[in-house]
Every structure is written in structure tokens, then in C-alpha cells.
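These protein sequences, in sequence, are chains C and A. Start counting the first sequence at 12; every next residue gets the next number (the numbering used here). Start counting the second sequence at 12; every next residue gets the next number (the numbering used here). What follows is a set of notes on a single structure, which appears directly below.
There are 2 protein chains.
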Amino acid sequence: MTRDLKSEARQIFEAGLKAVDPKEAVKRFVAVKGNILRIGEKELDLGEFNHVWAIGAGKASAAMAQAVEEILGDLVSGGLVIVKYDHLAPLQKIRLKEAGHPTPDENGRRATQELADMAAKVDRKDLVLFLLSGGGSALLPMPVESITLEDKMVTTRLLLNSGASIQEMNTIRKHLSQIKGGQLARLAHPATLVSLILSDVVGDPLDVIASGPTVGDPSTFQDCQAVLERYSLTEKVPPTVRTYLEAGIKGEAAETPKPDDTIFSNTYTALVGNNLQALKAAAEEAQVLGYKTLILSSMIEGDTTEAAGFHAALIKEIVRSGHPVRPPACLISGGETTVAVRGKGKGGRNLEFSLAAALELAGLRAVCLLSGGTDGTDGPTDAAGAMVDGDTVSRALEKGLDPREFLAENDSYHFFQHLDDLLITGPTNTNVMDLRVMLVSAHPKTKFLG
Amino acid sequence: MTRDLKSEARQIFEAGLKAVDPKEAVKRFVAVKGNILRIGEKELDLGEFNHVWAIGAGKASAAMAQAVEEILGDLVSGGLVIVKYDHLAPLQKIRLKEAGHPTPDENGRRATQELADMAAKVDRKDLVLFLLSGGGSALLPMPVESITLEDKMVTTRLLLNSGASIQEMNTIRKHLSQIKGGQLARLAHPATLVSLILSDVVGDPLDVIASGPTVGDPSTFQDCQAVLERYSLTEKVPPTVRTYLEAGIKGEAAETPKPDDTIFSNTYTALVGNNLQALKAAAEEAQVLGYKTLILSSMIEGDTTEAAGFHAALIKEIVRSGHPVRPPACLISGGETTVAVRGKGKGGRNLEFSLAAALELAGLRAVCLLSGGTDGTDGPTDAAGAMVDGDTVSRALEKGLDPREFLAENDSYHFFQHLDDLLITGPTNTNVMDLRVMLVSAHPKTKFLG
Numbered sequence: 012m013t014r015d016l017k018s019e020a021r022q023i024f025e026a027g028l029k030a031v032d033p034k035e036a037v038k039r040f041v042a043v044k045g046n047i048l049r050i051g052e053k054e055l056d057l058g059e060f061n062h063v064w065a066i067g068a069g070k071a072s073a074a075m076a077q078a079v080e081e082i083l084g085d086l087v088s089g090g091l092v093i094v095k096y097d098h099l100a101p102l103q104k105i106r107l108k109e110a111g112h113p114t115p116d117e118n119g120r121r122a123t124q125e126l127a128d129m130a131a132k133v134d135r136k137d138l139v140l141f142l143l144s145g146g147g148s149a150l151l152p153m154p155v156e157s158i159t160l161e162d163k164m165v166t167t168r169l170l171l172n173s174g175a176s177i178q179e180m181n182t183i184r185k186h187l188s189q190i191k192g193g194q195l196a197r198l199a200h201p202a203t204l205v206s207l208i209l210s211d212v213v214g215d216p217l218d219v220i221a222s223g224p225t226v227g228d229p230s231t232f233q234d235c236q237a238v239l240e241r242y243s244l245t246e247k248v249p250p251t252v253r254t255y256l257e258a259g260i261k262g263e264a265a266e267t268p269k270p271d272d273t274i275f276s277n278t279y280t281a282l283v284g285n286n287l288q289a290l291k292a293a294a295e296e297a298q299v300l301g302y303k304t305l306i307l308s309s310m311i312e313g314d315t316t317e318a319a320g321f322h323a324a325l326i327k328e329i330v331r332s333g334h335p336v337r338p339p340a341c342l343i344s345g346g347e348t349t350v351a352v353r354g355k356g357k358g359g360r361n362l363e364f365s366l367a368a369a370l371e372l373a374g375l376r377a378v379c380l381l382s383g384g385t386d387g388t389d390g391p392t393d394a395a396g397a398m399v400d401g402d403t404v405s406r407a408l409e410k411g412l413d414p415r416e417f418l419a420e421n422d423s424y425h426f427f428q429h430l431d432d433l434l435i436t437g438p439t440n441t442n443v444m445d446l447r448v449m450l451v452s453a454h455p456k457t458k459f460l461g
Numbered sequence: 012m013t014r015d016l017k018s019e020a021r022q023i024f025e026a027g028l029k030a031v032d033p034k035e036a037v038k039r040f041v042a043v044k045g046n047i048l049r050i051g052e053k054e055l056d057l058g059e060f061n062h063v064w065a066i067g068a069g070k071a072s073a074a075m076a077q078a079v080e081e082i083l084g085d086l087v088s089g090g091l092v093i094v095k096y097d098h099l100a101p102l103q104k105i106r107l108k109e110a111g112h113p114t115p116d117e118n119g120r121r122a123t124q125e126l127a128d129m130a131a132k133v134d135r136k137d138l139v140l141f142l143l144s145g146g147g148s149a150l151l152p153m154p155v156e157s158i159t160l161e162d163k164m165v166t167t168r169l170l171l172n173s174g175a176s177i178q179e180m181n182t183i184r185k186h187l188s189q190i191k192g193g194q195l196a197r198l199a200h201p202a203t204l205v206s207l208i209l210s211d212v213v214g215d216p217l218d219v220i221a222s223g224p225t226v227g228d229p230s231t232f233q234d235c236q237a238v239l240e241r242y243s244l245t246e247k248v249p250p251t252v253r254t255y256l257e258a259g260i261k262g263e264a265a266e267t268p269k270p271d272d273t274i275f276s277n278t279y280t281a282l283v284g285n286n287l288q289a290l291k292a293a294a295e296e297a298q299v300l301g302y303k304t305l306i307l308s309s310m311i312e313g314d315t316t317e318a319a320g321f322h323a324a325l326i327k328e329i330v331r332s333g334h335p336v337r338p339p340a341c342l343i344s345g346g347e348t349t350v351a352v353r354g355k356g357k358g359g360r361n362l363e364f365s366l367a368a369a370l371e372l373a374g375l376r377a378v379c380l381l382s383g384g385t386d387g388t389d390g391p392t393d394a395a396g397a398m399v400d401g402d403t404v405s406r407a408l409e410k411g412l413d414p415r416e417f418l419a420e421n422d423s424y425h426f427f428q429h430l431d432d433l434l435i436t437g438p439t440n441t442n443v444m445d446l447r448v449m450l451v452s453a454h455p456k457t458k459f460l461g
């Protein structure tokens, strides 16, 4: 049997995408039966609430809000979600505000103030659904009163350039915000608060996704001081930031709520979609197509070219010896790698992963690899990624294209454009990082004689 | 049940080692029954031969020769194997010569001349066993007559520093040698020639291992010229080298035998041991211990820290979701990674892999990772590698050791020495690159709620 590996890889990728469509993800996780609102394993009696409000932020939050309206219908009283410009969806009761991403802007600050005011008004008889997705951090700017948005951004940039970790950055960010690090939960208290999260962070750490507006924060003002000292930034941050953090240490500014705070007793946080969910749906599709399928990991990080080599080593072993799984075999992985940009070309991590893999797989028969971003736009391109096989390199060389030159120039987009091997999906309105599908259909010809 | 993961990981590693012990590997592959010599799937009637000779080179070749003597007894007429200084084994009939490695020396040149003379003397009624293992290339120096060993080494160094690939280097090396690139097979023709190879090269390419003395060489003098031109080395190589290669192009020097040459009609090449074989034996042991086991790949290359990150991503996924295999789980991989040395510490790729993995696995329960070189000496150390688990980092910090500092200094040996977590096996007399064992015994606590 000759399989069309590229079209099957695409079919498997699209099954993964479908599972993390924001609307589908919310609808799979949230349902109303009679008076009962089921959210994952949790059941809430809607009769106990006077109102249900939906608030949120993120690129997918409009679509998530749409799902909430469709599920709850008249039971939703209203709400507000903040989306990136042009990431709209038609809503009936929940209002929509557009704001700047990835750089926060004044529209975002005003919309966040409005969202916070709304959260502060709810009471014990209210149910608040908080809809969070990738981009939520930039779309929820709300620095403490004495600090301008500009000063907060300067501080973040200083930390970034000093090599501070994401944990260290978040420690500072949460303490300079009125909404992050669990502070949105404090505002919404004593209402019942349910966070529905579409994760775009490797490993889904709830306190990291958008700096955890509804999750208790173990870090303190003392930790902030330690971070600034560690990177010799105490004298470099804007004076307003230094003054505020000093006030915090003296107990003159509000600490973030800690994880054991009683305000979290009626909050509930649920991942409605993440990378692993996309991988699982893709794996199911691959199994339906007859592939023996392994999910390697949803947590692949690190350098893109190195990661491509690692994946290629597994594909080559399947071809050679039938390990880790015998053909027809499918390997699936996810996560988010990084690209050290050296050239001036156009590309993204999935396009570059595909190009590096093509070089490793050159000459192999009956193998195929697809790497795509679940948001449908890899880097600054209109492609989600690309598809390659053992002929990709020879086809390129025939056309006079040197794959190594394109790789050195970080010009993977144009490489695959020339070959007509771009993976184009259009914008998907979701983002759970990347999804890779590797297929091997040939039976192994074991060279090993032992 | 509480498993002692570290001791089980070590047991699995040692099962892998045992399978590629040079003596055991040869004995498993070669046997005499009556008048029939069985070599893998091939059978030879010993009655057809007047003599059986054993020649060879490599760090393990003394042990391989010992196995040949034990299997064939009086049927061996004699022979010669060239080993690295102090890599001896007691032999009865096959002579042993010691020579320089990794830098070839005059003893090596003389011994190789003797080995070549011996090969040239055999005839149609002789059977020659050629025993090759890691180090064989440096131990078989035999430049063409007009070129000194020094000039050949200068040329190799120029290519290395120019960024030439191993294939390009070998193209030149084979053409400057009287024995590599299939030329030993030409010398031994018309005798029957059986090569028994213990591979220390990723993927076991037979023409690459020790530059393939008994394997046809597709490359030509024209290719040599192209390589020198590509790296602008034509004017930089020693004049003797330039002159010889020019003579070759004019047809005035002997071309290497091509793969379709009739001299290869009665040659036979068998891998008696390779990395994959070690992985398979380790996997069998893990299965006996009750682990669901996957061999990932015997072809893991690339940067050591990056590779550690990918392996850790798989371990973390097992802990989280039971993919790619449910606990109790064992992952096994092999190959050979590289270390970009920046610091002044002491270490090797396995020690550094272990240290980088420890940082990724910090805090995880019921996981363990072992990375060890099958030769028992990782880099310039007396350790094969190290073993780590989720407590390694905290134990180090308690002792005042900062793992990141040791990693930045490439000082993994002293890090693990302080913790008493070095993997010490002593020299193993074999080398099929590296072997990694990863164990997860806890049941996954899936955080994902979808």
C-alpha cells in the first residue's frame, strides 16, 4: 500500500487543531444540564447564583466567550473580554474590547480597569467565569497607581536583558500589578470564580500563564528586592518602581494573595485546552489511520535545529530497527522551541524545524515530518509551518536551492514557498504552541546482523 | 513498592555493556560446528581453506582476537592485531603490536606495514578474519609512499579546521592511504575476507568506521580535488600531498577500489557489536525488571545539554501523563553527543548530560537517569558517567554546590564526585559509544483535566 504521507500528516495535524479550537474546547469542558453547570468534574447549582458573568483576556477569549454564550444562553448576565486587535467574534451579552499585543497599550489599560471594576462589584451570589488564553498577560495591563505603564514596561525590559528567569520576571510583574498574581481573585471575592484556561505555556504552570490573575502567589516583596539585587537593578529601575517596592517591604503596599489565602476557597481553575490535548487528538487520528502511535512529549523546548536532529534520530531508528515503534509508525510531539536568529530571512520555529529535519532525513524512503504552530502563523509568516520528506532536499537541489544556505539565513519560509511545501491553515484563533507529526510507513530493513 | 532506581538503572546499563563486550560479541556471532564456520547468517566450509588468519586493529581488537583463538583453536594459523598501548590480552598464535592512539605514531606505521605485507601474501585458499573496532583508523597509518605520516596528519588537521565533513575528510584520507577505502581488501584478494566490526560510529556506516579498509569506496581523486578547492586548501596542503593527488587525477596513482569491484565478491562484512545491540540488551534487562521499555534511538547526536533537555522532556511527560509509555517506565537511548567546552573543569559528555538532566528533573519524584560511556571512561576521567534523580540538585545545594556553576565550568566530574554519584565501571575494553537509561516508577498524576 502506498500512503500519501503528507496528506495524512496534515489530516493528523488538523485533528489536533480541532481539539484545541477555543469554542470546541470550552464546549467539551462546560455543559448545562437542567440547573446544573458542569465544569469538568465540578458541578455547580445555578440556582444558588443571581448572576453569571464572563470576563477574560487573550487572543482566543472572544471565541471562548462565544462558547459560553452558546452554552449558557440567557443565564449569562454579561461581562467583558479583552482581545488583540481584530481577534473578534460576534457576542450577544458579553462585551468585547480590543487592545495592544504583544505591547500593552492605553486601550488595554482602560479595558483592564473596567474589567477590574466589574470584578470588584460582584458578590457572594455571583458566579464569575474567567476566560484566559495566550496573550492574556499583555492584554491585562494594570500597574499599581503610583507606577505608569511605561515604567512597568521599562522594568520588564531591564529584567529581560539581565537574563532573569520567567519566574523572577513574574515575581516583579505580579507585585507591580493590581490584577496579576491572584489579585483578580481577590477583587472577585466573595463570588464563586471559575477560570477556564487555554494554555500557551510549556507544562501549563497556572501561576505563569498571564502571571496567574486568579492563582495564589507564593512570592513576596522581599523576593522582589532579592531579584533586583541579584541583577544589580535596584538603582536602575524607574524611581517609582523602587519606591513602591520599598513601601511593600515596609508593609505599606498590598502583598499579593498567597496560595493558602481563604479567598481561594471558592475559586476553581481548569485547563480547557493545552498542547497535550492537541497531541492526544492528533494521536487518536493517527491510530484511526492505522499508525502505531507514540506521543513523545508536549514539553519539547530548546534550540530548534537541535530539536529537529533529536526527532530525526528517532525517525531514523524506526526506519532502521523498528524502535521505538514499528512501522507504520507515527510519532507526535509538542511544546515550543527557540530559534537563534543569525540570518536575515523569513521564517519561524516550525518552518526552521522542518528545514533542519529535511536535511537529516534526506534520502530516506517512506518518511514524512510536519511541524506546525497551532495558531496558524509561524513567526511573522502566513504559514503554520511546513511538511518534509526524504525527497525534500533533492527536489530543492534540482531547483538550484541550497537547503543549508536557507537554514543559515533563517530563510525557511522562502525555501518551502519555492517547493510549494508550506503548511497553510489560515489563522486558527487558538494557540497551544506547536505540534509535530512524524510518519514512517516503510517496514524496517534491519541492517544489524546481531 | 519502593524500587532502588539507581541500582536498577546501573543493572540495566551493565546488561547493555555485557552484550558488547568484544569477546562475548565475537563469540555470539562466530561459531564452529564440525567443519563449518558460522559467521552470523553466513556459513563457510573450513575444509576449503589451507589457513585461517586473523588480522585487525582497534582498542578492542586484542579481546576480539582472543575470542577468535578460543573459537577456532588450532584452526588459526596466526595473524597480527594492532592495539592502543596497554590494551593487551593474552594471545597464543595471533601476534600483538602496540601503537599510538589517538595520534598515529611510527610504531603504528611499522605494524601496519607488517599487517599489509601479511595480507598481500595470502592466496585463494586462505580465509582472513579482519577484526576492527574503535580507534582502528589511528592504529592503521599507512600513507602512500611519497607522503610522510606527518604530511598526512597536517592535511587532516587543515580539513578539520576548515569545517570539512567526516565524509569529505575520509575522501582525502582514503586516497592518501595504502590500506583504507577498501585497499586492505585489494591486498588480501583473492583470499576470502571476513570483517568483524565493533562499531563506534553513529549509524554504523561501514565505509566510515576506520575509513573502511575492507569496504568499496565510491569517492575518486576528482572528489579529492573538489574538496580541496571547496575549502581553498589546494595551495595550503603539503606539496607532496598536492603532487600525489594531481598524479591521481592524471591516472598515475592507484584509485581506491569501487564498491562494484570484483575483489569484493568474496568479502563479507559483519557488525558483531554496535550501540543498538547494547540498547537492546539493556532493554531486555529492563523488561525483566518489570519496566515498560522503549528504545528511543541509537543515533542521538548534537549538543549534550540540548540532548539532556529533550530526554528530560520525555521523562516529565511520563510523570505527567503516562506518554510515551506508562510507569513503571524505562527509556533507553544511545549515540554520541558533543560538548562545547567553555570552562576549565573536568568532565565528559555523559557526566555533563547527567548534570544538565539533573537540573531539568529537580524536584520530580521516582525518576532516575543514568548516562554512561560504554568504554568506561567519559572524557579524560575514570568514570563512565553518572546517575541522577529528582533529589540530585537539592542534595548538591545542601552541600553548598551550585549545579549551574559546575555546568558552566564543564566541571561535571567534580560535581558528581562530591555527591558520590559517579558511575565507575573501570575500563571495559569495548566502545560502542554511550548508553542512557531513564526510569520512572511512580504512577502519573495527570494534572490535565480535559
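Ideal Cβ positions, reconstructed from N, Cα and C, are used throughout, including at glycine. Please read all numbers here as calculations on a predicted model, not as lab measurements.
Since residue i and residue j are thought to touch, with beta carbons under 8 angstroms apart, how far apart are those beta carbons, to the nearest angstrom?
i: L375 (chain C); j: S344 (chain C); result: That pair is no contact at about 18 angstroms.
i: V37 (chain A); j: V213 (chain A); result: Their Cβ separation, rounded to whole angstroms, is 22 angstroms, which puts V37 (chain A) and V213 (chain A) out of contact at 8 angstroms.
i: S382 (chain C); j: G396 (chain C); result: 5 angstroms
i: G359 (chain C); j: D389 (chain C); result: 3 angstroms
i: G354 (chain A); j: I311 (chain A); result: In fact, because the Cβ distance is near 23 angstroms, the residues do not count as touching under 8 angstroms.
i: T278 (chain C); j: A196 (chain C); result: 5 angstroms
i: A122 (chain A); j: I190 (chain A); result: Not really, about 11 angstroms apart at Cβ, beyond 8 angstroms.
i: E371 (chain A); j: A407 (chain A); result: E371 (chain A) to A407 (chain A), Cβ: 14 angstroms. No contact.
i: G193 (chain A); j: G147 (chain A); result: Between G147 (chain A) and G193 (chain A) the Cβ distance is about 14 angstroms, and since that is not below 8 angstroms, they are no contact.
Apply the 10 Å Cβ neighbour rule to residue i and answer buried if 16 or more other Cβ atoms are within range, or exposed otherwise.
i: S423 (chain C); result: buried
i: R337 (chain C); result: exposed
i: S452 (chain C); result: buried
i: D432 (chain C); result: buried
i: T225 (chain A); result: buried
i: K261 (chain C); result: exposed
i: D211 (chain C); result: buried
i: T114 (chain C); result: exposed
i: R415 (chain A); result: exposed
i: L198 (chain A); result: buried
i: N181 (chain C); result: buried
i: I47 (chain C); result: exposed
How would you list, in chain order, the residues of chain A whose beta-carbon sits under 7 angstroms from the beta-carbon of residue i?
i: P229 (chain C); result: None at all; the shortest Cβ gap to chain A is about 14 angstroms.
i: D314 (chain C); result: E317
Cβ closer than 9 angstroms: which chain A residues qualify as neighbours of residue i?
i: G193 (chain C); result: The contacting residues do not exist; G193 (chain C) stays about 19 angstroms from chain A at best.
Whose Cβ in chain C lies nearer than 8 angstroms to the Cβ of residue i?
i: G346 (chain A); result: A324
Mind listing the chain C neighbours of residue i? Cutoff is C-beta to C-beta under 7 angstroms, in chain order.
i: M310 (chain A); result: A324, K327, E328
In the DSSP assignment, what are the bridge partners of residue i?
i: T1 (chain C); result: As shown, chain C starts at 12 and ends at 461. That puts residue 1 (chain C) outside it, with no answer to give.
i: R49 (chain A); result: A:A42, A:E54
i: I158 (chain A); result: According to DSSP, which records beta bridges pairwise, I158 (chain A) is partnered with nothing at all.
i: A340 (chain C); result: C:K303, C:V451
i: I23 (chain A); result: Note: I23 (chain A) sits in no beta bridge, so no partner.
i: D137 (chain A); result: A:H62
i: E109 (chain A); result: A:V94
i: V399 (chain A); result: A:L380
i: G346 (chain C); result: C:I311, C:D445
So with CB distances below 9 angstroms, who are the chain C contacts of residue i?
i: I306 (chain A); result: E328, S332, H334, P335
Would you verify that the beta carbon of residue i is, or is not, closer than 8 angstroms to some beta carbon of chain B?
i: K163 (chain C); result: The structure shown contains no chain B; its protein chains are C and A.
### Message
Short of 7 angstroms Cβ to Cβ, which residues in the segment 319-339 of chain C face chain A?
### Response
G320, F321, A324, L325, K327, E328, S332, H334, P335
For the segment 285-299 of chain C, enumerate the residues whose C-beta is nearer than 7 angstroms to any C-beta of chain A, in chain order.
-> N285, L287, Q288
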